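Here is the structure we will look at.
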Amino acid sequence: FYSKLLLFYYWRLVGQSASAAFHFLVSGCTNMAATVQKRVLRVLALHGYRQNERSFWERTGALRKRLRGRAELITFNAPLVVPDPDAEPSEGDPDSSQDESRGWWFSNPEQNSFDAIEESNTCSGLDKSLDEVAKVFSELGPFDGILGFSQGAALVAIICALKQQGDPRFHFNFAILVAGFKSRSSDHTKHYQQPITVPSLHVIGETDRVISADMSRELVSHFENPVILIHPGGHYVPACAPQKKVYWEFLDKFLS
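For the sequence shown, counting from 1, position 197 maps to 210 in the numbering used here; every step adds exactly one.
What follows is the structure in structure tokens.
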């Protein structure tokens, strides 16, 4: 652009018409603007309980299409494998790990199970999951934002609290929490003691029967100045036209 600006003045000095020189300069500005607009936000996406990287990638297909040109999602597997008593042995199937149900922590360590409404004095797996997320930040980052669905959203809230407390492992500018909830584990109470100031968008399904709207609103209450998107559906990541508008408006704040 600056070289074009110099040429603009040079053309005027050598007698080129003002209109020709101006057209040349404007084309340079247009090209520069197009270059700026090509920036795409990188968002680390955390799947829900009993999901995995591949299933969440498929379930967010509509959202990824809506966000094309503005943001890209990067998914990965939670480190904890959720036991499936009905599963048959894989017998060395290389694709079996891609189909395993995974989670971020267990509210019942004895059974390696999780229930969002189960109050517990002990839990297992959270530290391992935080280390895994930190590893992804280090190896695949930087990331502009972080998104979570269901248990993944609950983990995102904890990561936001850790970031606010100065945890050097997590660097990002915003969070999107879909069907999020506050952990019922007493071990996690410390993460909700201070208001969370990380810019956040909370997506709540009015008819969600897995994570009720009230549970999501409880989590929202721990954030300062949250943006709230309520949709009429259930337990999924919505991506229809009305939701796209809210996603875009929220993400555009971080594209400038």
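Even glycine gets a Cβ: it sits at the ideal position worked out from N, Cα and C.
Only a predicted model underlies this, so the values are computations on that prediction, with no experimental measurement involved.
*asked:* Going by DSSP in three states, Phe89 sits in which element: helix, strand or coil?
replied: DSSP places Phe89 in coil when its eight states are reduced to three.
*Rounded to a whole number of angstroms, what is the C-alpha to C-alpha distance between Asp97 and Phe183?*
Asp97 and Phe183: Cα-Cα distance of roughly 32 Å.
*Quick one, which of Pro208, Asp265, Arg55, Glu262 has its alpha-carbon nearest Ala155's?*
Reading off the sequence shown, one finds Pro at residue 155, where the question assumed Ala. If we check each option's Cα against that of Pro155, Arg55 comes out closest.
*Which one or two residues does DSSP pair with Phe236 in a beta bridge?*
BP columns for Phe236 point to Ile209.
*Does the beta carbon of Ser163 come closer than 8 Å to any beta carbon on chain B?*
Here chain B cannot be found, since the structure has a single protein chain.
*In its own chain, which residues sit with a C-beta less than 6 Å from the C-beta of Leu139, not counting the 5 before and 5 after it?*
Shown here for Leu139: same chain residues with a beta carbon closer than 6 Å to its own, the five before and five after excluded, namely Trp118 in chain order.
*Please name the residue or residues paired with Asn121 in a DSSP beta bridge.*
DSSP lists Ser126 as partners of Asn121.
*Residues near Asp128 by beta carbon distance below 8 Å, same chain, minus five either side*: Take Asp128, set aside five residues on each side of it, and the residues of its chain with a beta-carbon closer than 8 Å to its own are Ser120, Asn121, in chain order.
*Three-state class that DSSP yields for His248 in the structure shown*: Coil.
*contact_flag[the stretch 172-192, the stretch 210-217] where n(CB pairs < 8 Å) is 3 or more*: In this structure the stretch 172-192 touches the stretch 210-217; the number of beta carbon pairs closer than 8 Å is three or more.
_For Gly74: DSSP bridge partner residues_ = As far as DSSP is concerned, Gly74 takes part in no beta bridge.
*Cross-strand partners of Val56 (DSSP beta bridge)*: Paired residue(s): Leu86, Gly158.
_Helix, strand or coil at Ser151 [DSSP, three-state]_ = In the displayed model, Ser151 falls within a helix according to three-state DSSP.
_Please report the straight-line C-alpha distance between Asn158 and Arg52, rounded to a whole angstrom._
Per the sequence shown, residue 158 should be read as Gly rather than Asn. Taking the straight line joining both Cα atoms gives about 14 Å.
*Tell me, to the nearest whole angstrom, how far the beta carbon of Ser163 is from that of Ala188; I am working on the premise that it is less than 8 Å.*
Contact annotation, Ser163 with Ala188: C-beta distance approximately 14 Å; criterion of less than 8 Å not satisfied.
_As a quick exercise: from Leu232, Glu262, Ser198, pick the residue whose alpha carbon is nearest that of Glu131._
Each of Leu232, Glu262, Ser198 was checked against the Cα of Glu131, and the nearest Cα belongs to Ser198.
_I'd like to confirm the pairing. Which residues does DSSP put opposite Ser137 in its beta bridges?_
Beta-bridge analysis with DSSP links Ser137 to Phe119.
*Starting from the Cα of Gly161, find the closest Cα among His248, Asp265, Gly82, Glu113 and give me that residue.*
Looking at the Cα atoms, His248 is the closest of the given residues.
*Within 10 angstroms of its Cβ, does Gln124 collect 16 or more other Cβ (buried), or is it exposed?*
Answer is exposed; the Cβ neighbour count stays below 16.
*asked:* Could you compute how far the alpha carbon of Asp144 sits from the alpha carbon of Lys78?
replied: Take the alpha-carbon of Asp144 and the one of Lys78: they are about 30 Å apart.
*If you count every other CB in all the chains shown that lies within 10 Å of the CB of Ala254, and 16 or more means buried, which is it?*
With fewer than 16 Cβ atoms within 10 Å of its Cβ, Ala254 is classed as exposed.
*Check the DSSP bridge columns for Ala188 and list the partner residues they point to.*
For Ala188, the beta-bridge partners assigned by DSSP are Ile159, Ser213.
_Span of the alpha helix (DSSP H) around Lys195_ = Going by DSSP, Lys195 is part of no alpha helix (DSSP H) at all; its letter is neither H nor E.
*Pick from Pro239, Gly218, His235, Glu71: whose alpha carbon is nearest that of Lys203?*
It is His235 whose Cα lies nearest to the Cα of Lys203.
_Straight-line Cα distance separating Lys257 from Leu80_ = It is roughly 8 Å from the alpha-carbon of Leu80 to the alpha-carbon of Lys257.
*If Pro251 and Val223 are in contact, beta carbons under 8 Å, what's the gap, nearest whole angstrom?*
Contact annotation, Pro251 with Val223: C-beta distance approximately 14 Å; criterion of less than 8 Å not satisfied.
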